[in-house]
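Line by line, the protein sequences are chains A and B.
Just add 19 to the spot in the first sequence (first one is 1) and you have my numbering.
To convert, note that position 57 of the second sequence is 55 in my numbering; the numbers rise steadily by one, no gaps.
A virtual CB, placed ideally from N, CA and C, is assigned to each residue, including glycine.
Bear in mind the structure is a predicted one, so any value in this text is a computation, not a measurement.
Single-structure report; data block below.
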Amino acid sequence: MQKSIALGADHDINTDLLRPLCETGIGWYSIATISGLVLLAAVGAFGYQLYRGIGVWGLNRPVMWAFDITNFVFWIGISHAGTLISAILRVTGAEWRRPVTRCAEAITVFALLIGAMFPIVHLGRPWLFYWVAPLPNGRGLWPNYRSPLVWDFFAINTYLLGSIIYLYIPLIPDLALVRDRSKGLKRKIYGMLSLGWWGTQRQWQRLEKAVQVMAVIIIPVAVSVHTIVSWDFAMAIQPMWHSTMFGPYFVAGAIFSGIAALILAMAVLRKVLHLERYLKPVHFNNLGLLLLTMSLIWFYFTFAEYLTTWYGNEPAEKVIFQQKVSGPFSPMFWTMVTLCFVIPVVVLGFKRSRTIKGTVIASAGIVVGMWLERFLIIVPTLSHPRMPFNWGSYRPTWVEVTLLTGTFGYFVLLYCLFVKVFPIVAVWEYKEGLATRPAEVKAAAAHGD
Amino acid sequence: MSNKVFVMFKKPGEARGALDDLGRMDFAKSAITVGSEEPLEGFEQCGASGKPTRIGLFATAGGLVGAAAALLLTVTTSRHMGLVTGGMPIVAPWPFGIIVFELTALGAIAFTLGRMIFEAGLMSPVPRALQKAPGVEASVVLEIECPTEARATAAARACQARGGLVTGSAES
């Protein structure tokens, strides 16, 4: 009886999860159009910047980095949602991960693409972007391996390539599934992408082994990436940057903002693609608990960092501390604390409010709060260097604000395109999980599935 | 000379039943290749491969290759750099450690992918007899190698009795 129920659901699962590839609803068109327009506005702003030069930004002496580096750190942080979370859940054998992993892995790839774009946007002459590559004696220049920016190049590219491969390997069986249901050119393209997969037991064993090995390798890579991003700041002898705990502080913040982004993405996918049967309240509850844990860890790091500065009373650091806590940056600082700690703890701390709506509200706040956190790390320190005669201020221009908004449009558009081309829930992983969970099969039967 | 029978099943349960029946009819597991849309629990080692995987070993080897490449890149570059350092060491071990770490991981990842493709026999076309025509709902495909034509007929009947659709047969 139980077996027949499980098998009967097979066809429904394929139909449900492959539907977004064949049918396009009004929700998808609306989101894709809005995000496309936002991206278009950013492309226009970038074109204006290319034409007029980087002076159209609000950068000045001494604030030479501001929105662009904030965006860089923020998006690299968001990228920790996917591959790292997915790898941890795979390694620990968390069964509930199955519908979540691909949503998460796709976030990593897109967020990394966007984050890695910012050093190029910042170049002023972005068409010379390939000069960034540390080629030995390329163009008469030798790479300086002591520069944290060179470390970034290696770390981000390793993580990007690793994440693409980690996304691709578990996608192969689903690509074959789509291939078998397609005709003509579409069948040929999916046939090529699925590499001739037809699901022999040998292929399944090798695939699962490769995913396991990849998961183990990718976790330290993910941790290294944001640690190295933090060292861009920590290696400089700047007040409130030169901290030994910046590495773990950044990694914790990255995982924190990443989980929030994942919850938001899942909520939108659930609604727009009608994936209510797959992305269930239990997934939001579990991710909400993870988010709560990360909120507490983030607060612990923040408190430790600020307490040490306050207690040390070193003049150059104290100035920046006061700028943040009670000076011109204080509205942003306290908004950050409210969004990243107060609201998440209140909303996610109680089972009653740890619903889909509750986790989405907390996550939206965290994403905003974590962007503010990145901004507050960078700008107050740069605007108040050690020598007071050199103090300055910073105000973003419309170009920077449009570029920032455009990154969100770009991210959403990439995600929209991804769900039209690839199944956003791993079909085979989901079915495999069902086969090993008789209780869930019973529940599915009770719902008429 | 042996005969091959190709059968498609809509449901994994039907295929499982047919495989049990074939087992009772003394068909060796190695004579049956199973292709499925999801991993079939309890049917490991069916088909061509009982060999242990070497993906982990190749990942380690890839890591070593990546590390060697990183050392070569960083040390060689630094030693050839025409930079006056005032007696300071030109090769800085700590930053090099970071680059070595990243390229070690990259090597391991690349070798894992390559070995997986090789061991899984990917990048080769799906046998025509096993290709599903568009619109055909089949979640499991069996390729049964039979020593005689009589055995092939018996296998085909056993599969049909379980709801399988015999899509072809061939002599090999």
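Proximity to residue i [Cα-Cα], best of the options
i               : options                           : result
G307 of chain A : A:S372, A:H261, A:V287 and A:V387 : A:S372
M351 of chain A : A:S314, A:L391, A:T120 and A:G331 : A:L391
A13 of chain B  : B:E143, B:E147, B:G64 and B:G33   : B:G33
G161 of chain B : B:Q129, B:R113, B:G11 and B:M121  : B:G11
S122 of chain B : A:F91, A:Q222 and A:P145          : A:Q222
G95 of chain B  : B:R155, B:V73 and B:T58           : B:V73
A152 of chain B : B:G15, B:M6, B:F7 and B:D19       : B:D19
Y449 of chain A : A:T102, A:G74, A:R117 and A:G44   : A:R117
V420 of chain A : A:I53, A:A85 and A:I32            : A:A85
A445 of chain A : A:G428, A:I274 and A:A125         : A:A125
M83 of chain A  : A:L436, A:T400, A:G112 and A:N176 : A:T400
P153 of chain A : B:E135, B:E141 and B:A68          : B:A68
V138 of chain B : A:G63, A:W216, A:G96 and A:W76    : A:W216
P138 of chain A : A:I238, A:T120, A:E114 and A:V92  : A:V92
A58 of chain A  : A:W447, A:F430 and A:C435         : In the sequence on display, residue 58 of chain A carries Leu and not Ala. The candidate whose alpha carbon is nearest that of L58 of chain A is A:F430.
K343 of chain A : A:Y325, A:P39 and A:C359          : A:Y325
I53 of chain A  : A:R200, A:E227, A:F394 and A:L433 : A:L433
P415 of chain A : A:E114, A:K205, A:N79 and A:A280  : A:N79
Through-space distance from residue j to residue i, alpha-carbon basis
i               : j               : result
F148 of chain A : P189 of chain A : 32 Å
F173 of chain A : I282 of chain A : 29 Å
V140 of chain A : S98 of chain A  : 19 Å
G425 of chain A : V386 of chain A : 16 Å
L453 of chain A : S105 of chain A : 19 Å
M355 of chain A : P347 of chain A : 14 Å
K22 of chain A  : E39 of chain B  : Legend: pLDDT at K22 of chain A = 38, less than 50; position of this residue unreliable, value from coordinates given subsequently. Approximately 13 Å between the Cα atoms of the pair.
S28 of chain B  : A16 of chain B  : 15 Å
L310 of chain A : H302 of chain A : 12 Å
V169 of chain A : F265 of chain A : 18 Å
I443 of chain A : I32 of chain A  : 13 Å
G331 of chain A : P404 of chain A : 18 Å
A234 of chain A : R71 of chain A  : 45 Å
A383 of chain A : I115 of chain B : 40 Å
A284 of chain A : V62 of chain A  : 24 Å
T328 of chain A : P167 of chain A : 24 Å
Residue i, enclosing beta strand (DSSP E) - first and last residue
i               : result
C144 of chain B : V138 to C144
V31 of chain B  : Residue identity differs from the one stated: residue 31 of chain B is Thr in this sequence, not Val. Per DSSP, T31 of chain B belongs to the beta strand (DSSP E) from I30 to S34.
K5 of chain B   : For the sequence presented, residue 5 of chain B should be read as Val rather than Lys. Start and end: N1 to F7.
Classification of residue i by the beta-carbon crowding that lies within 10 angstroms, buried from 16 upward
i               : result
H78 of chain B  : exposed
K177 of chain B : Given that chain B is displayed from residue -1 to residue 170, the structure contains no residue 177 of chain B and the question cannot be resolved.
M406 of chain A : exposed
D193 of chain A : buried
N1 of chain B   : buried
Q220 of chain A : buried
N409 of chain A : exposed
K370 of chain A : exposed
A463 of chain A : For A463 of chain A, the predicted model reports a pLDDT of 48, less than 50, meaning its position is unreliable; a value from the coordinates is still stated below. The residue is buried, with at least 16 neighbouring Cβ atoms inside 10 Å.
L55 of chain B  : exposed
F340 of chain A : buried
Q158 of chain B : exposed
D24 of chain B  : exposed
Y48 of chain A  : exposed
G45 of chain B  : In this prediction, G45 of chain B has a pLDDT of 43, which is less than 50 and means its spatial position is unreliable; what the coordinates show is noted afterwards. With 16 or more other Cβ atoms within 10 Å, it is buried.
Q43 of chain B  : Note that Q43 of chain B scores a pLDDT of 48, beneath 50, so its modelled location is shaky; the value from the coordinates is reported in the next line. The residue in question, Q43 of chain B, is exposed, as its Cβ has fewer than 16 Cβ neighbours within 10 Å.
C122 of chain A : buried
C41 of chain A  : exposed
Y319 of chain A : exposed
T75 of chain B  : buried
W417 of chain A : exposed
Chain-ordered chain C contacts of residue i [CB-CB under 9 Å]
i              : result
P91 of chain B : You won't find chain C in this structure, because its protein chains are A and B.
Where the alpha helix (DSSP H) through residue i begins and ends
i               : result
V232 of chain A : Q220 to A253
F303 of chain A : P300 to G331
Y268 of chain A : F265 to V291
Q341 of chain A : P334 to V344
M83 of chain A  : Run containing M83 of chain A: none; DSSP gives neither H nor E here.
Q68 of chain A  : I45 to R71
F408 of chain A : No alpha helix (DSSP H) holds F408 of chain A; DSSP gives it neither H nor E.
E419 of chain A : W417 to V440
Distance cut-off 8 Å: residue i Cβ against heavy atoms of the ligand FAD
i              : result
A60 of chain A : In the structure on display, the ligand FAD does not appear, and there are no ligands present to speak of.
Check each residue of the stretch 70 to 81 of chain B: if its Cβ is closer than 8 Å to any Cβ of chain A, include it; give the result in chain order. L71, T72, T74, T75, S76, H78, M79, G80 and L81
Closer than 8 Å between beta carbons: that is the criterion. Which residues of the stretch 15 to 42 of chain B meet it against chain A? T31, V32, G33, S34, E35, E36, P37, L38, E39, F41 and E42
Which residues of the stretch 48 to 61 of chain A have a Cβ closer than 8 Å to any Cβ of chain B? Give them in chain order. none
Determine which residues of the stretch 240 to 267 of chain A have a Cβ less than 8 Å from any Cβ of chain B, and write them out in chain order. V240, S243 and I247
Interfacial residues, the stretch 143 to 154 of chain B to chain A, with Cβ spacing under 8 Å: none
Against chain B: residues of the stretch 280 to 296 of chain A by CB proximity under 8 Å: none
Where the stretch 226 to 237 of chain A meets chain B: residues whose CB sits under 8 Å from a CB there: L226, E227, K228, A229, V232, M233, I236 and I237
For the stretch 162 to 180 of chain A, which residues have a beta carbon sitting closer than 7 Å to at least one beta carbon of chain B? P162, Y164, R165, W170, F173, A174, T177 and L180
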